[in-house]
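Undergrad: Take any residue in the sequence shown, count from 1 to its spot, add 105: that is its number in this note's numbering. Every residue, glycine too, gets a C-beta built ideally from N, C-alpha and C.
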Amino acid sequence: MSDAETAAGPGAPRGGPDQLDEALRATLFTQSAVGLGVLDPQLRLVRANSLFEGEDVGEYIGHRFTEAFRLDDPDGTEQLMKRVLAGEGPARDRLVRGRLRRIPGDREFLVSVYRLDGPGGPVAPALGLLAAVVDVTERQRARARNAALTAVRDAVGGSLDVAATCRSFADALVPGFADLAVVEVVDDVLRGADPPVGPLPPGTPLRRAASGWCDAVRDTAEGEGEGEGGARDRSAGVTRRLAARTPYALATTDLRARLVPLGPDNPWPATDPDGARAVAETGAHSLIVVPLTLRGAVLGLVSLYRCGAAEPFDEDDVSLAVSAATRAALGIDNARRYEREHIIASTIQQRLLPQAERQQAAVDTAHVLLPGRDSGCWFDTIALSGARTALVVGGVAGEGLQSAIAMGQLRTVIQALAGLDLEPEEVLARLKDTADRLADERAALPPADALQSEPMSAGCVYGVYDPFTRTCTVARAGHPAPLIVGPDGRAVALDVPEGPGLFSTDSALFAPATVTLEVGSLLAFCTAELLSGDRAAERITETLARPGRSLQQLGDDIVYALPDDTRSAGAALLLARTGTVSDHLVATWDLAQDPTTPATARVLVRDRLQGWGLDEDTVEATELIVSELVTNAVRYGTPPLRLRLLLDSTLTCEVHDGSPASPHLRHARTVDEGGRGLFIVSRLASHWGARHGPDGKVLWTEQDLPEDERNGAKGERNGAVGER
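The structure is reproduced here in structure tokens:
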């Protein structure tokens, strides 16, 4: 054994320390997978290994480190290296961005810097630095792709709005994956049609549903004359026709994604001026076009651009774009299906509601229906006998067709019940019976039917205004009470006990509340959505107190003050201004309980109707109706006996007596001497009925008037309202 081997020990490698150091340096600088560079104290490269494949090391020697790698932040990197030179410790795994001379595009490097101590150790001036550089560009790109795909999965699918889904998709890809993203949807699909089966023919209208721009692209577009926010504004809602012989058309022909380098040599921009202008304005140099497809049907198109100094797209980026577009297509199709069902439900709701304001004898009304997610809101004004008016607002909770259908069923039932002249609490009690039967029918559906497990919930408020007593009687079933404002602008208290919801299992009774109103008072019947939020009731009553506003203007003012979420949910509002029946249109007589009273009633009626200018046929028919009703009251009723005529769009006759017993219509036999009175009345009148009160009953009839007489009565009514 040599002296050198003995000094080094039996396990030491052969050769002296100098030979070992030289072998170590040679191995590191020729075989290391990490880029190594030795820097002098002036931060210039004096030695380097083959940093990256295809790079000539000689081009780097003598250059400052930040110049050799053309870093985006050279000052910050040099300050870091100077601190290492000063002995503050090594810097490890610092991520920097730069560019290499022979590899195009931006690169990302993981840099570690170590101090090279001289013979004097750490306290002596350093000999230089050792920089270890790892190109992590591909690693970072893969991480960015995964992050972009995760962002798409998290963002897309949470909304049932097509535009919001497209916006979420574009925002998830910009700026992490693309500098510019444009999402276009076939125009017919946005209008509710089924997506067409590919390929799409040239000329198919595509509507730009969303776009996302990074700051650099927006600045470039504004420099081209778009103005602040102009690029984004121009891209929203624009419709273009699919140009033939372009990457966009090819992608929707074979339903395959396209990776397209953009440059002056591309032949297709000549056939697509809009696309060429967008490329020129944004400085885009790389494009991925992906069709939005689902089961062979084409929903639209996604165009992704990279601009400026950004790295061009590659095939791995295409794979990510296809995966993201598949996710987006599913979200858009779900939103489209919901939107279509919502449109159908909204259409049904509109058709089931009153199509025009109905003129009432002593109440002016206006309504506001806010379309939104809820398709079960309804309102109604129903003319009742005796110039009374029923005011109704209700809502079925939920979205879609089933809510609209349930709303139509309940509205039809409440109209039929209103015609029976029942008290408000009895109307709601019978309406709840109907709702219970509907709930039982749904519960009896097969378990496989998804509707069977869906809960049902609904509320309704029903009020009746009587212009002769100026009272409003209200009952409610799981619904907010109406708001009332007097003609002086002050709120009128109406404490209505809340009854159970229409589909609830609660069997509590409904209790009404009655309030006496001044002429010109305002009533607001509204769904619960309008009363949600802070000071909602106060805000509405303050709006109703504004002087000099029509009902429609007041309704608009209430809508303007609503929170945004209320408008998206949908709501119904019914406004009513109370009045009285003009003395010119009413005639009332107290009659004796005497066999001669029918003859007296005929004379009084003829005189009054001739004074109103009605024709002889109407006078004779009314005489006969009144004679039969008064005769029936004299024979079978009890005092007091009262006769009232009311002229409006129809002619109403009312006979009141103190007996609670109601007559019944029957068909008399040929040999019978009586029993034909109500049958005759039903033939002469368009409507007839009986209503009961605490002091007896009222038999009433309504007769349709000829057009000229109806217009004359309307003119008298409007004149009386103007005086009021």
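Measuring only the C-alpha atoms, how far is A766 from P744?
TA: The straight-line gap from Cα to Cα measures roughly 13 Å.
Undergrad: I'd like to check one pair, L254 with V143: are the Cβ atoms closer than 8 Å?
TA: No, the Cβ-Cβ distance between V143 and L254 is not below 8 Å.
Undergrad: Which of the three DSSP states is assigned to Y410 in this structure?
TA: Three-state DSSP puts Y410 in a strand.
Undergrad: Name the one or two DSSP bridge partners that A676 has.
TA: In the DSSP output, where bridge partners are listed per residue, A676 has L475.
Undergrad: Any chance you could list the beta strand (DSSP E) runs of at least 3 consecutive residues sitting entirely within the segment 489-564, in chain order?
TA: As far as the segment 489-564 is concerned, its whole beta strand (DSSP E) runs of at least 3 residues are 494-501.
Undergrad: Flag this pair as yes or no: are the beta carbons of N737 and G794 separated by less than 8 Å?
TA: Not closer than 8 Å, so no.
Undergrad: Give every residue of the same chain whose Cβ lies closer than 6 Å to the Cβ of I166, excluding the five residues on either side of it in the sequence, and list them in chain order.
TA: Cβ within range, chain order: L150.
Undergrad: Relative to the C-alpha of L719, which residue among A492, E812 and A540 is closest?
TA: Of the listed residues, the one whose Cα sits closest to L719 is E812.
Undergrad: Can you give me the C-alpha to C-alpha distance between F282 and A249, rounded to a whole angstrom?
TA: Cα-Cα distance, rounded: 7 Å.
Undergrad: Going by the DSSP bridge assignment, what does I589 pair with across the sheet?
TA: V597 and L628.
Undergrad: So, at 6 Å on beta carbons, what are the nonlocal neighbours of P585 in its own chain, with the 5 sequence-adjacent residues on each side left out?
TA: Here the set comprises A633 and L636.
Undergrad: Tell me the rounded alpha-carbon separation between L810 and A495.
TA: C-alpha separation (whole angstroms): 23 Å.
Undergrad: Can you tell me where the alpha helix (DSSP H) with Q657 in it begins and where it stops?
TA: Where Q657 is concerned, the enclosing alpha helix (DSSP H) stretches over L656 to Y665.
Undergrad: Just to confirm before moving on: does the CB-CB distance between I437 and L397 stay below 8 Å?
TA: It is a contact, given that the beta carbons lie within the stated cut-off.
Undergrad: Would C319 and V290 qualify as a contact pair, given that the criterion is a beta-carbon distance under 8 Å?
TA: No. Outside cutoff.
Undergrad: With 16 as the cutoff for other CB atoms within 10 Å, does A509 come out buried or exposed?
TA: The residue is buried, with at least 16 neighbouring Cβ atoms inside 10 Å.
Undergrad: Look up C319 in the DSSP assignment and say whether it is helix, strand or coil.
TA: Coil, per DSSP.
Undergrad: In whole angstroms, give me the CA-to-CA distance for D198 and P280.
TA: Using only the alpha carbons, I get a separation of about 25 Å.
Undergrad: Per DSSP, D485 forms a beta bridge with which residues?
TA: In the DSSP output, where bridge partners are listed per residue, D485 has V497.
Undergrad: Quick check: what's the CA-CA separation for V597 versus T517?
TA: Roughly 31 Å between the two C-alpha positions.
Undergrad: At the level of alpha carbons, what is the spacing between A314 and L347?
TA: Their Cα atoms are separated by approximately 15 Å.
Undergrad: Let me confirm a value: K92 is counted as buried when at least 16 other C-beta atoms fall within 10 Å, else exposed. Which label applies?
TA: Missing from the structure shown is residue 92; the chain here goes from 106 to 829 and no further.
Undergrad: Since L750 and V708 are thought to touch, with beta carbons under 8 Å apart, how far apart are those beta carbons, to the nearest angstrom?
TA: About 13 Å separates the two Cβ atoms, so there is no contact after all.
Undergrad: Expressed to the nearest angstrom, what Euclidean distance is found between the alpha-carbon atoms of I589 and V427?
TA: When rounded, the distance between both Cα atoms is 59 Å.
Undergrad: Opposite F214 in the DSSP bridges: which residues?
TA: Note: F214 sits in a beta bridge opposite V201 and D240.
Undergrad: Terminal residues of the continuous alpha helix (DSSP H) containing W717?
TA: Note, W717: alpha helix (DSSP H), T702 to W717.
Undergrad: If you draw a straight line from the alpha carbon of E807 to that of L756, how long is it in whole angstroms?
TA: Taking the straight line from one Cα to the other gives about 6 Å.
Undergrad: Checking 8 Å against the spacing of the C-beta atoms, do C577 and L622 come in under that value?
TA: Taking 8 Å as the Cβ cut-off, C577 and L622 qualify as a contacting pair.
Undergrad: What are the boundary residues of the alpha helix (DSSP H) that L144 is part of?
TA: Premise fails: L144 lies in the beta strand (DSSP E), G140 to L144, not in any alpha helix (DSSP H).
Undergrad: Smallest Cα separation from V686: which of A231, D211, F274 and A466?
TA: Among A231, D211, F274 and A466, the Cα nearest to that of V686 is on A466.
Undergrad: What residue range does the alpha helix (DSSP H) around R788 cover?
TA: G782 to L789 is the span of the alpha helix (DSSP H), which, as asked, contains R788.
Undergrad: Where do the N-terminal and C-terminal ends of the alpha helix (DSSP H) with R272 fall, by residue?
TA: Start and end: V267 to L278.
Undergrad: Please report the distance separating the alpha-carbon of D469 from that of V691.
TA: Roughly 19 Å between the two C-alpha positions.
Undergrad: Under 7 Å Cβ to Cβ from R644, same chain only, skipping five residues before and after it: list those, please.
TA: A666, listed in sequence order.
Undergrad: In the segment 368-450, which residue ranges form an unbroken alpha helix (DSSP H) of at least 4 residues, counting only runs that do not cross its ends?
TA: The segment 368-450 contains these whole alpha helix (DSSP H) runs: 378-387.
Undergrad: Anyone know if the C-beta pair for L176 and V139 falls short of 8 Å?
TA: Not in contact: L176 and V139 (Cβ atoms no closer than 8 Å).
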